[in-house]
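**Student:** Every letter in the sequence shown is one number past the one before it in the numbering used here, and letter 154, counting from 1, is 353. In this text, a Cβ means the ideal position worked out from N, Cα and C, and glycines have one as well. There's a structure below that I have some questions on.
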Amino acid sequence: MSIGVGEAAGVVGAQGVPAGEWEREPHPSDSLRTFGAVVQALREHAGLSRVELGARVQYSKHTVESVELGRRMPDEVFVERAEEALGNTGALRKAACHLTRGEAGLAAWFRRWARLEREAVSLCTYECRLVPGLLQSEAYARALFENRIPLLTDEQLEAQVAARMERQRMLSERLTVPFHFIVEEAVLRRRLGGVEVWREQLAYVLERTGPRNLTLQIMPLEAEYHSCMDGPLRLLETPEGRRLAYSEGQESGRLIGDSKEVRVLQQRYDTLRSQALHPKDSRALLERLRGETWA
Numbered sequence: 200m201s202i203g204v205g206e207a208a209g210v211v212g213a214q215g216v217p218a219g220e221w222e223r224e225p226h227p228s229d230s231l232r233t234f235g236a237v238v239q240a241l242r243e244h245a246g247l248s249r250v251e252l253g254a255r256v257q258y259s260k261h262t263v264e265s266v267e268l269g270r271r272m273p274d275e276v277f278v279e280r281a282e283e284a285l286g287n288t289g290a291l292r293k294a295a296c297h298l299t300r301g302e303a304g305l306a307a308w309f310r311r312w313a314r315l316e317r318e319a320v321s322l323c324t325y326e327c328r329l330v331p332g333l334l335q336s337e338a339y340a341r342a343l344f345e346n347r348i349p350l351l352t353d354e355q356l357e358a359q360v361a362a363r364m365e366r367q368r369m370l371s372e373r374l375t376v377p378f379h380f381i382v383e384e385a386v387l388r389r390r391l392g393g394v395e396v397w398r399e400q401l402a403y404v405l406e407r408t409g410p411r412n413l414t415l416q417i418m419p420l421e422a423e424y425h426s427c428m429d430g431p432l433r434l435l436e437t438p439e440g441r442r443l444a445y446s447e448g449q450e451s452g453r454l455i456g457d458s459k460e461v462r463v464l465q466q467r468y469d470t471l472r473s474q475a476l477h478p479k480d481s482r483a484l485l486e487r488l489r490g491e492t493w494a
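Here you go:
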């Protein structure tokens, strides 16, 4: 069972974005591998190359290959087109009903965004409720999940913490990708988990945002102007140049692919960057806050 606290909220689907083109599975399940093997067997029986099948289903050769290797969850469009292109036996439709993903510890509605993050060429995050998941210390993340209602089992809690820590690996592995964070000062002042956890979390944020490709800005409590009063926001750009957004709330989340809506959200975020503290001033404020933990 996958349950999320912050940054694990759901997906209602990206408008105008063919999901099969960018849903890469980090941990292929047995059902995905089996489905892919069936696609490959039917394709070879039909005497088609991956390029030729890709042309018929209107997906790239690389997507066909990824599906066959179990690296991508095929969407309904891919299944239907592949079914028609490979004999219309019904095998793919029936097999698709039993497909499952192999990702543990991530809420179902957040998984697509988590996969997009790993391939994004830029990522922007605004948070007004909690420290962004990519900047959370293990102790802070554990405190979040321990506060979850309904309560998690020990196994569920450990899976959530492990998934969150695993997700952070991309910050150290993708040193040329720009990551930008704007966080409310109130979030950094909240002593979630107690003083020790709070102190460690502030130090962790300072450490994680040290590399040149990571930028942190703090939205000060005394700010008179604020362009993102509607809640947390995430934005990214895919390798293909698509711009997508993600917003979330209680037990829900939404991946936004509509270009007009994304444009408005990008404008709000860009304005917020001008309203937040400069990165150097933000780090100075973090240092002062950390000093308060020893007071």
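Taking the continuous beta strand (DSSP E) assigned at M418, which residues delimit it?
**Tutor:** Counting from 1 along the sequence shown, the entry for residue 418 is found at position 219. Note, M418: beta strand (DSSP E), L413 to M418.
**Student:** Kindly indicate which residue of E439, V382 and P377 has the alpha-carbon position closest to the one of N412.
**Tutor:** If you number the sequence shown from 1, residue 412 lands on position 213. The residue with the shortest Cα to Cα distance from N412 is P377.
**Student:** Please report how far the alpha carbon of E279 lies from the alpha carbon of S473, in whole angstroms.
**Tutor:** On the sequence shown, position 80 is the one that residue 279 refers to. On the sequence shown, position 274 is the one that residue 473 refers to. Straight-line Cα distance between these residues: approximately 47 Å.
**Student:** Just to confirm the assignment, what range does the alpha helix (DSSP H) spanning E283 have?
**Tutor:** In the sequence shown, the residue the question calls residue 283 occupies position 84. Note, E283: alpha helix (DSSP H), E275 to A284.
**Student:** Would R310 be called buried (16 or more neighbouring beta carbons within 10 Å of its own) or exposed?
**Tutor:** One-based indexing of the sequence shown puts residue 310 at position 111. Buried, because 16 or more other Cβ atoms sit within 10 Å of the Cβ of R310.
**Student:** Touch check for the segment 228 to 242 and the segment 268 to 275: three-plus C-beta pairs under 8 Å?
**Tutor:** Judged by Cβ distances under 8 Å, the segment 228 to 242 makes contact with the segment 268 to 275, as three or more pairs qualify.
**Student:** Report the three-state DSSP secondary structure of V382 (helix, strand or coil).
**Tutor:** As a working note, residue 382 is residue 183 in the sequence shown. It is a strand residue.
**Student:** Taking DSSP's pairing of strands, which residues face A444 in a bridge?
**Tutor:** Here residue 444 is taken as the residue at index 245 of the sequence shown, counted from 1. For A444, which the question treats as bridged, DSSP gives the partners L434 and I455.
**Student:** Could you compute how far the alpha carbon of C427 sits from the alpha carbon of L420?
**Tutor:** To locate residue 427, count along the sequence shown from 1; it is residue 228. To locate residue 420, count along the sequence shown from 1; it is residue 221. Going from the Cα of C427 to the Cα of L420 covers about 14 Å.
**Student:** Reducing DSSP to helix, strand and coil, say where T470 ends up.
**Tutor:** Stepping through the sequence shown from its first residue, residue 470 is reached at position 271. T470 falls in the helix class under three-state DSSP.
**Student:** Measuring only the C-alpha atoms, how far is S201 from E354?
**Tutor:** Counting from 1 along the sequence shown, the entry for residue 201 is found at position 2. Counting from 1 along the sequence shown, the entry for residue 354 is found at position 155. Only weak support exists for where S201 lies, its pLDDT of 40 falling under 50; the coordinates are left without a value.
**Student:** Suppose contacts are defined by Cβ-Cβ distances below 8 Å. Is V386 in contact with C327 by that definition?
**Tutor:** Within the sequence shown, the letter at position 187 stands for residue 386. Within the sequence shown, the letter at position 128 stands for residue 327. Yes, these two residues count as a Cβ contact at 8 Å.
**Student:** Evaluate V250 with the Cβ neighbour count: other Cβ atoms within 10 Å of its Cβ, from every protein chain shown; 16 or more gives buried, anything less gives exposed.
**Tutor:** Here residue 250 is taken as the residue at index 51 of the sequence shown, counted from 1. By the 10 Å Cβ count, V250 comes out exposed.
**Student:** Which same chain residues, not among the five before or five after Y445, have their C-beta less than 6 Å away from its C-beta?
**Tutor:** For this step, residue 445 is matched to residue 246 along the sequence shown. For Y445, where only same-chain residues beyond five positions count, the Cβ hits under 6 Å are W312, R433 and L454.
**Student:** Does S336 pass the burial test, meaning 16 or more other C-beta atoms within 10 Å, or should it be called exposed?
**Tutor:** Numbered from 1 along the sequence shown, position 137 holds the residue referred to as residue 336. It is buried - the Cβ of S336 has at least 16 other Cβ atoms within 10 Å.
**Student:** Check each candidate in E316, E283, E486 and H261 and name the one with the smallest Cα separation from T437.
**Tutor:** As a first step, residue 437 is located in the sequence shown; it is residue number 238 there, counting from the start. The candidate whose alpha carbon is nearest that of T437 is E316.
**Student:** Let's test the definition: count the other Cβ atoms within 10 Å of the Cβ of V497 and tell me whether it reaches 16, buried, or not, exposed.
**Tutor:** There is simply no residue 497 to check, as the chain begins at 200 and stops at 494 in what is shown.
**Student:** Sort out for me which residues DSSP pairs Y325 with in a bridge.
**Tutor:** Reading the sequence shown from its first residue, position 126 is the one you call residue 325. DSSP lists I381 and L432 as partners of Y325.
**Student:** Quick check on the DSSP output: the alpha helix (DSSP H) that includes L484 runs from which residue to which?
**Tutor:** Your numbering for residue 484 matches position 285 in the sequence shown. Start and end: P478 to E491.
**Student:** Rounded to whole angstroms, what is the Cα-Cα separation between A290 and A361?
**Tutor:** Translated into the one-based positions of the sequence shown, residue 290 becomes position 91. Translated into the one-based positions of the sequence shown, residue 361 becomes position 162. Roughly 36 Å separates the two Cα atoms.
**Student:** Which residues mark the beginning and the end of the alpha helix (DSSP H) in which E403 is found?
**Tutor:** Residue 403 sits at position 204 when you count from the first residue of the sequence shown. Note that residue 403 corresponds to Tyr in the displayed sequence, not to Glu. Looking at the DSSP string, the run of the alpha helix (DSSP H) that includes Y403 is V394 to R407.
**Student:** When we look at the beta-carbon of E383 and count the other beta-carbons within 10 Å, is it buried (16 or more) or exposed?
**Tutor:** As a working note, residue 383 is residue 184 in the sequence shown. With 16 or more other Cβ atoms within 10 Å, it is buried.
**Student:** My output table needs one value for Q355: the three-state DSSP class, helix, strand or coil.
**Tutor:** Your numbering for residue 355 matches position 156 in the sequence shown. Correct three-state label for Q355: helix.
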